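> One structure, pasted below without further comment.
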Amino acid sequence: MTIELTVNGETRTVTAAPLTPLAEVLREELYLTGTKQACGEGFCGSCTVLLDDAAAPSCLTPVGMAAGKAVRTIESLAPGMSELSPLQQAMKDADAVQCGMCFPGILMGLTALLARQPEPTEDDVRTALSGHLCRCTGYARIVDAALSVCVPAERGV
Amino acid sequence: MVAVAEAELYLPSSLQDALRVLADGGGAAVPLAGATWAMRAVLRGEELAARYVALSGLDELRTVEVAADGSLAIGACVTHARLGEAVADQPNLRGLHDAATKAANAAVREAATVGGNLSVAAFPAADLVPALLCLDAEVELARPDGNERVSLERFLQLRSELAPGTVLARVHVPAGRLRTAHARLPLRVAGDYPVAIVSVALDVAADGTVARAAVAVGSVEAVARRWPELEAELVGKPVGAEAAAVAAKALSATFHGREGIEAPGWYRVSVLPTLVRRALTALSGQEGNQ
């Protein structure tokens, strides 16, 4: 069936069965391959996107239920490979990224947190990361980088 | 067998519309809320239904109403995240709050619903079930010809055999100046299913003794249930975490732990005294009805 989605601010029409995971449609139909499909069970967090500004496991989201909602993927954080978002820049500066498989999901999960809660505590950041499995790092630099963009002095405001 | 490519999704315009389509579809049409369980059916080796009726877009099922007396009416499609926000300031519902905000992970909590958590019979580790069991919650079942309220305990017995066109529409939580807590044991913090869950609600009298106790255990057996033997042991005594843990150890043989990939049955039972201690410790500092 034909489904109309709003992805990264653009209206996109896809042809897919309505129970197809949104992650699969993003990658296979729209070629937005920044969203990673790994566990397929909502455990690892690698496929996290934003649905109406809330973090969502796109592997567990039927594409038919995403119609009418604003979908944001990792590609929206630095459109056209332009300036990185403050969170992305902080991760880069902290050298927090290793293999990168989990990172698009981590960035989207933390983007949702920071939009809702601009000055989270370390505990808030760690709670938001609890659904994101990273097997390379020990999370320490990720947490530090996330907190660094929350400090007004370091944001230059 | 219905493949993902063949399964239909119906987006109803109202609850009545959904009930009609479900009733007309017989067993071939099933309700779908947050979809976090149904989307993993293939991974579990289960068959998909021919048609899913998506309820989560219905505004009438997405509200939490707090009455003047403090009782709650929770729409079935309220997500764990919204439920956590709605009860965050209610001191008597700390247990329900913790169940809603610690289940799964942040992204899943934005999708998974109250109704789905209570309705999936094959999911023994649902956090909201024991949390609501110890609050004496009732569920409101909607049918094309009218609604009916049954206790959550009764619903857990009925939920696999509901007639097509029957949907859990709301959960009703009575008012009560209780002290409540929810202790769960996942093997890792990162969104694992809990090995065992203990939810406790105590009505504490002015003299500091327990006037009424409700203890519910989840994830240990196939279906969460109350623990009447421990409840009886707690009543009439001061709130005491250590004494409760000792009583729990003596009474835990009443449970037959289920075997599972994350833990054997004996282990689930063996951690119950610790979870009882943690729950009682958590609520001992709360202000209740004194």
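Chains as they are written, first to last, in the numbering used here: chain A, 1 to 157; chain B, 158 to 447.
Where a beta carbon is used, it is the ideal one built from N, C-alpha and C, also for glycine.
Quantities reported herein were computed from a predicted structural model and do not represent experimental measurements.
If the criterion is Cβ atoms closer than 8 Å, does the pair E419(B) and V352(B) meet it?
Working through the second sequence from its first residue, we reach residue 419(B) at position 262. Working through the second sequence from its first residue, we reach residue 352(B) at position 195. Contact flag set, yes.
> Pick out whichever of E386(B), H329(B) and G322(B) has its Cα sitting closest to the Cα of A294(B).
Residue numbering aside, residue 294(B) sits at position 137 when the second sequence is read from its first letter. A294(B) has its Cα closest to that of H329(B), out of E386(B), H329(B) and G322(B).
> Can you pull the chain B neighbours of S130(A), defined as C-beta to C-beta under 8 Å?
The count along the first sequence starts at 1 and reaches residue 130(A) at position 130. Within chain B, the residues near S130(A) are N262, A263, V346, A347 and G348.
> Find the residues of chain A that neighbour A211(B), judging by a C-beta separation of less than 7 Å, and give them in chain order.
Indexing the second sequence from 1 puts residue 211(B) at position 54. Chain A residues near A211(B): M65.
> When Cβ atoms are compared, which residues of the region 33-44 of chain A fall closer than 8 Å to chain B?
If the cut-off is 8 Å between Cβ atoms, the region 33-44 of chain A has G40, E41, G42 and F43 near chain B.
> Candidates P18(A), T121(A) and G68(A): which alpha carbon is nearest E165(B)'s?
If you number the second sequence from 1, residue 165(B) lands on position 8. The residue with the shortest Cα to Cα distance from E165(B) is P18(A).
> Taking only three categories from DSSP, how would you classify Q447(B)?
What you label residue 447(B) is simply residue 290 of the second sequence in a count that begins at 1. Caution applies to Q447(B), whose pLDDT of 42 falls short of 50 and renders its modelled position unreliable; the value that the coordinates give is listed next. In this structure, Q447(B) counts as coil in the three-state DSSP scheme.
> Quick one: Cα of C47(A) to Cα of A224(B), how far?
Stepping through the first sequence from its first residue, residue 47(A) is reached at position 47. Stepping through the second sequence from its first residue, residue 224(B) is reached at position 67. In a straight line, the C-alpha of C47(A) is about 39 Å away from that of A224(B).
> Closer than 7 Å between beta carbons: that is the criterion. Which residues of the region 96-109 of chain A meet it against chain B?
From the region 96-109 of chain A, only G109 have a Cβ closer than 7 Å to chain B.
> Using the C-alpha atoms, what's the distance from A264(B) back to G273(B)?
The residue given as residue 273(B) occupies position 116 in the second sequence. The residue given as residue 264(B) occupies position 107 in the second sequence. Going by the C-alpha atoms only, they are around 16 Å apart.
> If we count the other Cβ atoms within 10 Å of its Cβ and call it buried at 16 or more, is L200(B) buried or exposed?
Counting from one through the second sequence, the residue named residue 200(B) turns up at place 43. It is exposed - the Cβ of L200(B) has fewer than 16 other Cβ atoms within 10 Å.
> Should E10(A) go down as buried or exposed, given a rule of 16 or more other Cβ atoms within 10 Å for buried?
Start at 1 with the first residue of the first sequence, and residue 10(A) comes out as number 10. Exposed is the call here.
> List the whole-angstrom C-beta distance separating A332(B) from D246(B), where the pair is believed to meet the contact cut-off of C-beta under 8 Å.
By 1-based counting over the second sequence, the position of residue 332(B) is 175. By 1-based counting over the second sequence, the position of residue 246(B) is 89. Not really, about 15 Å apart at Cβ, beyond 8 Å.
> Would DSSP call T431(B) helix, strand or coil?
Indexing the second sequence from 1 puts residue 431(B) at position 274. If DSSP states are grouped into helix, strand and coil, T431(B) belongs with the helices.
> Measure from the alpha carbon of C291(B) to the alpha carbon of each residue in P301(B), E204(B), A299(B) and L309(B), then state which is nearest.
Reading the second sequence from its first residue, position 134 is the one you call residue 291(B). C291(B) has its Cα closest to that of L309(B), out of P301(B), E204(B), A299(B) and L309(B).
> For H132(A), collect the residues of the same chain with a Cβ closer than 8 Å to its Cβ; drop the 5 residues on either side in sequence, then sort them by chain order.
Taking the first residue of the first sequence as position 1, residue 132(A) is located at position 132. C44, G45, S46, T48, C102, G105, I106 and G109.
> CB N249(B) to CB R341(B), shorter than 8 Å?
Stepping through the second sequence from its first residue, residue 249(B) is reached at position 92. Stepping through the second sequence from its first residue, residue 341(B) is reached at position 184. Against a cut-off of 8 Å, the Cβ pair of R341(B) and N249(B) comes out as no contact.
> Just verifying my parser: in three-state terms, what is the DSSP assignment at P351(B)?
Reading the second sequence from its first residue, position 194 is the one you call residue 351(B). If DSSP states are grouped into helix, strand and coil, P351(B) belongs with the strands.
> What distance in whole Å lies between the Cβ atoms of P430(B) and G375(B), which are believed to be in contact at a cut-off of 8 Å?
Translated into positions along the second sequence, residue 375(B) becomes position 218. Translated into positions along the second sequence, residue 430(B) becomes position 273. That pair is no contact at about 16 Å.
> Among P57(A), T6(A), K69(A) and V143(A), whose alpha-carbon lies nearest the alpha-carbon of A38(A)?
In the first sequence, the residue the question calls residue 38(A) occupies position 38. Answer by Cα proximity: P57(A).
> Rounded C-beta distance between A370(B) and L391(B)? I'm assuming under 8 Å.
If you number the second sequence from 1, residue 370(B) lands on position 213. If you number the second sequence from 1, residue 391(B) lands on position 234. Right, their Cβ atoms sit about 4 Å apart.
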